[in-house]
Each structure stands twice: as C-alpha cells, then as structure tokens.
Amino acid sequence: MKVYSGSEIRNVAVVGHNDTGKTTLVSQLLFDAGATTRLGRIEDGTTTTDFDPDEIERKHSISAAFAHVEWKNTKINLLDTPGFGIFMMEAKSALRVADSAAIVVSGVTGVEVSTERVWKFAEEFGLARIVIVNKMDRERASASRTLDALQKKFGKNVVPIQMPMGEEHDFSGVIDLVSMKALKYAADGSGKFDAIDIPAEHKAAADEWREKLIEKVAEGDDTLMERFFEQGGLSQEELLDGLKREVAHHQIFPVLYASASHNIAGHSLLDAFVNLLPSPEEVKTLDGIDRKGEKLVFDRRPEAFPAALVFKTFSDPFSGRIALFRVYSGTLKSDTAYWNTTKDHEERIGKLQVLQGKQQIPVSELKAGDIGAVAKLKDTHTGDTIAAKDHQIQIPSVQYPEAAIAFAVEPKARAMRTNSAQRSRASSKKIRRSASRAIRKRKSSSSQVRDSCTSRSSSPSCTRNMESTSSFIRRRSPIARRLRSRQMHTAGTRSSQAGMGSSRIARSPSSRCRAVQTSNSSMRFSAARFLASTSPRSRRGFRTHGRKASSPGFRWSTSACA
Ligand SMILES: Nc1nc2c(ncn2[C@@H]2O[C@H](COP(=O)(O)OP(=O)(O)OP(=O)(O)O)[C@@H](O)[C@H]2O)c(=O)[nH]1
Ligand SMILES: [Mg+2]
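Sequential numbering of the sequence shown, starting at 2, is according to the working numbering.
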C-alpha cells in the first residue's frame with residue numbers, strides 16, 4: 002500500500018440521519034473510483050462498510066466503519082457512520098478525527114433530527130461541510146424544497162454548486178455550475194457519464210443558479226468582489242479558488258445532488274472532495290495537553306514527533322482487538338515501540354494496516370493526517386494517545402455523555418460465581434458440538450430425501466419433506482439458535498472489553514461476577530439484544546438488572562455484583 006503525505010489526503014466523515022443512503026453512497030464512491038468491482042447494495046448485504054452480521058441482517062449501520070479510495074492522486078478516507086440517534090456517538094467519534102463532513106440528506110425528507118445533531122458536532126470540531134442531497138430518483142424528491150429546508154435551518158451559506166437534471170424518475174445527472182457542463186449518467190448503474198452542453202430546457206435555470214453562486218463566492222472575498230464588479234462575473238478558476246477557500250473557512254457549505262443506488266453523480270462527488278475539501282496539512286497546529294493538564298499547542302507536520310489518537314476499538318474474530326487511530330503529527334512506523342501517554346506505559350505497534358471495510362491492508366508507515374489501524378495493542382483503548390516517549394502530549398478525545406441505561410449480568414449462586422466464565426465457555430463448546438451434529442444429521446437426511454425425490458416423481462409427500470428439511474436447515478435447530486444467542490452475548494462482552502466508546506467492563510475483585518456500565522450506544526444495543534434474545538432457560542443461573550438512569554449522575558457500581 003502506497004504511503005500518502007498530508008496534502009494528498011482528505012479525511013471525510015459521511016454523516017446524516019438514518020436511511021439517507023450514507024452506506025450506499027460510500028459503496029458508490031468505492032465502485033466509481035475502482036476500489037471495488039461491484040456496486041454494493043444494502044438489500045443484498047454486499048456493502049463494504051456494513052459488514053457486521055447484525056448490520057447485514059438489520060440493514061442499518063450500527064458502528065462507524067472505514068474505507069478509502071484513490072481519486073486523482075489523492076487518498077480519500079471515508080468514515081461511514083450510523084444515522085440512528087442511539088448510535089450518534091459513533092458519528093461524533095468519526096467527526097472528531099475527520100477534517101470535513103459530508104452531510105447526507107434525503108431529497109424526499111430533507112433536514113431531520115440527526116442532520117441537525119451532526120451539523121452541530123461538525124461545528125463544534127470546526128469542520129468544513131459539504132451537503133449531499135441523495136435519493137434524487139425517489140418519488141416526491143424535490144431539490145428546491147430540500148434546499149429551502151437546508152437554508153432555513155443552517156443559513157444562506159448553504160449554496161448549491163450543482164443543479165439536478167430532472168427529479169424523481171427523470172433524474173439523470175447534474176449540471177456543474179462551475180464548469181457549466183451537464184453530466185448525463187447511464188441508466189444502467191454503471192456510473193458512466195457524458196459531459197455534454199446544458200440542455201436547452203435547463204439553460205435558463207442553470208444561468209440563474211450560477212449567478213447566485215458567483216455572488217455568494219464574491220461576497221466572501223474583497224479581491225473577488227472587485228473582480229466581480231470589474232468583469233461583471235468571475236472566471237472558472239477564480240470561482241473554484243474562491244469556493245475552496247470559503248469552504249475551508251466555513252463561509253460556504255456547497256450542496257451537491259446524487260442517487261447512490263442508481264450510481265448517479267459519484268464522479269462529481271469525488272471531484273468535489275478532492276477540489277474543495279481541505280487536506281490535513283491545511284491545519285498547521287493542534288491543541289493538546291501535557292502531563293500536568295496544561296494546554297499545549299503542537300506542530301502537525303510529518304517531520305515533527307509522532308502523535309496519534311485512538312478513536313475506535315473493535316474486536317475482529319481473526320485478528321483480535323483492532324485499534325483505529327488518526328496520526329496527527331510525525332510518522333508512525335510498523336514494528337516500533339511508542340508510548341501510551343494517556344496510560345503512561347510503553348506500547349509496541351506491530352503491523353500497521355489501513356482498512357477497507359473489514360479487509361485489512363498492510364502498510365509500512367502512516368504520515369501525519371492519515372488514518373490507520375493496528376491489531377493487538379497491549380493496553381491501549383479508545384481515547385488514548387500514542388506518541389514518542391519524550392513528548393508527553395495527550396490529544397483530547399470525544400467526551401461521551403453520561404449513561405442513560407445501565408445493566409449488569411451476574412450469577413445467582415455463589416458456586417457459579419467462582420467459575421462462571423469457564424462454565425459459560427464449556428457449555429458454549431458443548432452446545433456448538435451438538436448443534437453441528439444435529440445439522441450434519443439433518444443435512445444428510447436432506448440429501449437422502451432429495452436423491453429419492455429426484456429419482457421418483459415429485460409426489461406431494463416428497464415436496465413436503467424437502468420443504469420442511471430445507472427450512473429446518475435455514476433456521477437450524479433450536480440448539481443452534483441457543484448457540485447464536487450465546488455468541489451474540491459473547492460478542493457484546495468482547496466489544497466492551499475492547500473499549501468501544503466509553504463502555505466499561507469491570508470485574509469485582511472478590512469474584513468473577515462482571516458488571517457492565519455502558520454509555521455507548523452499540524454496547525447498549527448489545528445489552529438489550531442479549532436480554533431480548535436469550536430465552537429464560539438459557540439465562541438460567543444469571544440474574545439481570547436493567548434500569549433507566551434516574552439522574553444524570555447515575556453509575557452502575559461493581560459492588561452491586563459482589
Ligand atoms: N431510491 C433510492 N434508494 C436509495 C438511495 N440510496 C440508498 N437507498 C436505499 O435506502 C436504504 C437505506 O440506505 P443506507 O445506505 O443503509 O442508508 P444509511 O444512511 O447508511 O442508513 P443508516 O446506516 O441506518 O444510518 C437502502 O434500502 C438503500 O437501498 C438512492 O439514491 N435512491
Ligand atoms: Mg449506513
């Protein structure tokens with residue numbers, strides 16, 4: 002994998018309300034840039050960034066995922082985030098390490114609750130923003146209604162730099178208001194397009210939209226304003242330069258249009274990311290704190306000392322715990338010892354990687370501005386800073402809100418408490434063995450039925466037999482179901498141990514009983530799922546406590562478990 006310098010990188014968090022098409026859009030960008038060979042679809046469970054079995058089953062993103070593309074010699078790091086309110090902290094962590102936010106809204110529903118929330122987060126972190134109006138092909142999609150809603154909520158600096166060609170079923174491409182070319186896309190989802198002259202029926206509207214864009218760009222810059230009055234307009238280069246500068250300074254939030262599922266306008270989005278969004282090098286310094294908690298401003302150049310922030314940790318079934326981090330200064334190298342300045346101990350970095358969904362691609366080093374991952378860190382969790390030992394700097398992480406729900410799972414009997422973990426492991430193994438035995442048996446009887454049925458005519462009893470056998474295999478046995486629910490629980494526990502968000506798992510010193518305190522939405526989800534999915538029988542021997550926090554200061558204490 003090539004090593005990129007800061008000026009060749011764009012870190013973009015794809016955020017917005019749920020169901021606006023963020024994950025589909027990331028799949029579209031990956032496909033259009035040639036990073037994948039097919040257009041991933043939510044319906045088929047083939048998107049790159051929704052790879053978790055739960056995400057595939059539920060057709061929603063649950064946690065932030067990372068992918069990257071190379072476009073015009075620039076590496077675009079894409080952080081796909083969930084849009085559901087309960088998973089909002091995942092979006093916030095992604096925004097914390099991004100340099101810009103691509104805020105996705107639906108052309109049908111416009112501004113929604115999470116749109117406002119992610120906008121506020123982006124504002125808090127001082128990020129450049131670009132608005133993508135997706136689903137322009139859908140019935141009742143309207144560019145003007147969506148633009149009105151956006152401007153009403155976020156102000157007149159939200160300005161379209163494109164005009165959609167048609168709406169609903171007629172949406173066929175976009176008119177670029179900078180180059181004044183129409184990009185007409187193929188209807189087969191291949192993403193191929195022709196740059197043509199603006200069709201006569203759109204010409205008057207396009208001229209009017211461009212006029213407004215030029216006025217807005219000229220307003221934000223005195224030199225451009227003078228040029229505007231001198232020439233009566235701006236050239237394409239002046240317009241693009243002005244736009245880039247004002248996007249970086251949050252004076253303009255450009256609006257673009259797309260249909261991710263029909264693969265329309267993907268190339269123009271990639272162009273806009275490269276041409277308009279700031280690179281990590283454009284912000285020269287970063288505020289950190291030293292060991293005494295005093296503010297420290299430090300240099301972000303690749304030649305400076307290495308410093309990176311771990312913003313997410315998750316468990317991979319093959320590689321173990323994976324930490325995702327952003328390098329803020331210097332260069333991080335594989336197989337090198339660094340210092341965890343938050344916990345004050347040495348941390349050896351093994352093989353550095355970059356992620357493409359769940360796929361891990363090795364890389365020798367990562368320069369300031371890039372985002373990468375590393376497996377099996379000794380004791381480094383979300384929010385920790387990794388730096389050179391002689392530079393005790395800590396990079397501020399996201400502050401998570403207080404837990405809204407807390408719960409604990411504990412064994413009822415003291416005898417169980419001593420070795421509940423071993424018992425749980427042993428019984429999982431036992432269940433797994435009997436489940437595979439049952440499935441093997443059923444499969445072999447299924448093939449017998451199939452053989453005898455194909456040799457004879459398709460009698461009603463034959464068809465019935467085949468149906469029931471195959472539906473059994475689909476559903477698997479009750480034992481397999483029990484195994485699944487247990488695996489789900491283990492996964493939940495594992496992710497909390499991995500330090501996802503602010504979830505914590507604590508062990509009471511006197512027993513093996515575990516208490517989970519969670520303010521992380523994914524963990525809450527796993528907890529709720531564990532309680533909902535396990536049958537009373539498989540929960541036998543465990544007592545569960547769940548309650549809503551009555552006050553913001555509520556915390557679950559491990560003593561409740563002792
Ligand atoms: N018609 C149409 N459907 C789309 C488009 N983009 C996405 N969809 C569909 O909208 C649904 C939601 O898409 P996702 O990509 O999962 O949306 P999301 O914003 O990632 O959703 P969350 O992860 O839950 O926040 C899926 O059924 C997609 O096929 C589009 O441009 N047009
Ligand atoms: Mg999604």
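The C-beta atom is built at its ideal place from N, Cα and C for all residues, glycine as well.
{"Query": "Neighbourhood of Phe-229 by C-beta distance below 8 Å, restricted to the same chain and skipping five residues each side", "Result": "Ile-215, Glu-216, Ala-219 and Leu-235"}
{"Query": "Where His-170 falls: helix, strand or coil (DSSP)", "Result": "helix"}
{"Query": "Alpha-carbon spacing of Gly-243 relative to Trp-210, whole angstroms", "Result": "17 Å"}
{"Query": "Assigned secondary structure, Ser-28 (DSSP; H/G/I helix, E/B strand, else coil)", "Result": "helix"}
{"Query": "Rounded straight-line distance, which links the Cα of Arg-130 to that of Phe-155", "Result": "11 Å"}
{"Query": "Neighbourhood of Ser-8 by C-beta, 6 Å cutoff - its chain only, sequence neighbours within 5 removed", "Result": "Ser-280 and Glu-282"}
{"Query": "beta-carbon Pro-637 near ligand 2 non-hydrogen atom, thresh 7 Å", "Result": "What is shown of the chain runs 2 to 563, which leaves residue 637 out entirely."}
{"Query": "Any 3 or more C-beta pairs closer than 8 Å across the segment 49–68 and the segment 8–28", "Result": "yes"}
{"Query": "The beta strand (DSSP E) enclosing Ser-280, as first and last residue numbers", "Result": "Unbroken run through Ser-280: none, as it is neither H nor E."}
{"Query": "Three-state secondary structure assigned by DSSP to Phe-531", "Result": "Because Phe-531 sits at a pLDDT of 48, beneath the cut-off of 50, its placement in the model cannot be relied upon, and the following sentence gives the value as read from the coordinates. Note: Phe-531 maps to helix in three-state DSSP."}
{"Query": "Beta-carbon proximity list for Ala-36, same chain, < 6 Å, skipping 5 on both sides", "Result": "Val-70"}
{"Query": "Segment limits, beta strand (DSSP E) that includes Phe-571", "Result": "In the structure as shown, the chain begins at 2 and stops at 563. Residue 571 is therefore absent and cannot be evaluated."}
{"Query": "Distance cut-off 7 Å: Glu-227 Cβ against heavy atoms of ligand 1", "Result": "no"}
{"Query": "Residues that Pro-165 bridges to, as DSSP identifies them", "Result": "Val-175"}
{"Query": "Assumed close pair His-263, Asp-138 - CB separation to whole angstroms, cut-off 8 Å", "Result": "5 Å"}
{"Query": "Residue environment, Asn-74, which counts as buried when at least 16 other CB atoms sit within 10 Å", "Result": "exposed"}
{"Query": "Sheet register partners of Ser-330 (DSSP bridge)", "Result": "Ala-308"}
{"Query": "Local conformation of Ser-107 per DSSP, three classes", "Result": "strand"}
{"Query": "Three-state secondary structure (DSSP) of Lys-368", "Result": "strand"}
{"Query": "Cβ neighbours of Glu-44 in the same chain (closer than 8 Å, five flanking residues each side left out)", "Result": "Lys-60"}
{"Query": "Residues bridged to Ile-197 [DSSP beta-bridge criterion]", "Result": "Ala-183"}
{"Query": "Distance CB(Arg-118)-CB(Met-89) smaller than 8 Å", "Result": "yes"}
{"Query": "Three-way DSSP call (helix, strand, coil) for Pro-54 in this model", "Result": "helix"}
{"Query": "Test item: CB-CB of Thr-343 and Asp-288 under 8 Å", "Result": "no"}
{"Query": "For Gln-163 and Leu-257, believed in contact at Cβ under 8 Å, the rounded distance", "Result": "5 Å"}
{"Query": "Neighbour-count burial assignment, Lys-549, 16 or more Cβ in a 10 Å radius", "Result": "Note that Lys-549 has pLDDT 41, beneath the 50 cutoff, so the model's placement of it is unreliable and the number below is only indicative. So Lys-549 counts as exposed."}
{"Query": "Status (buried if at least 16 other CB within 10 Å, exposed otherwise) for Arg-465", "Result": "Low per-residue confidence applies at Arg-465: pLDDT is 42, beneath 50, and the placement is therefore not dependable enough to give any value."}
{"Query": "Rounded C-alpha distance that separates Val-4 from Asp-33", "Result": "22 Å"}
{"Query": "Between the CA atoms of Lys-368 and Ala-1 - distance to the nearest angstrom", "Result": "Residue coverage of the chain in this structure runs from 2 to 563, which leaves residue 1 outside it and unanswerable."}
{"Query": "Proximity test, Thr-49 beta-carbon vs ligand 1 heavy atom, cut-off 7 Å", "Result": "no"}
{"Query": "Selection from Asp-189, Ile-57, Leu-333 and Arg-292 that minimises the alpha carbon distance to Pro-307", "Result": "Leu-333"}
{"Query": "Ala-92: first and last residue of the uninterrupted alpha helix (DSSP H) it sits in", "Result": "89–98"}
{"Query": "Beta strand (DSSP E) segment containing Leu-353, residue limits", "Result": "353–357"}
{"Query": "Which listed residue (Lys-121, Ile-10 and Ser-28) has its alpha carbon closest to that of Trp-72", "Result": "Ile-10"}
{"Query": "Alpha-carbon to alpha-carbon, Glu-169 and Arg-540", "Result": "Any answer about Arg-540 is weak, because its pLDDT of 48 lies below 50 and its placement is not dependable; what the coordinates show is given next. When rounded, the distance between both Cα atoms is 50 Å."}
{"Query": "Span of the beta strand (DSSP E) around Lys-130", "Result": "Here residue 130 is Arg; the residue named in the question, Lys, does not match the sequence. Element bounds for Arg-130: 129–135."}
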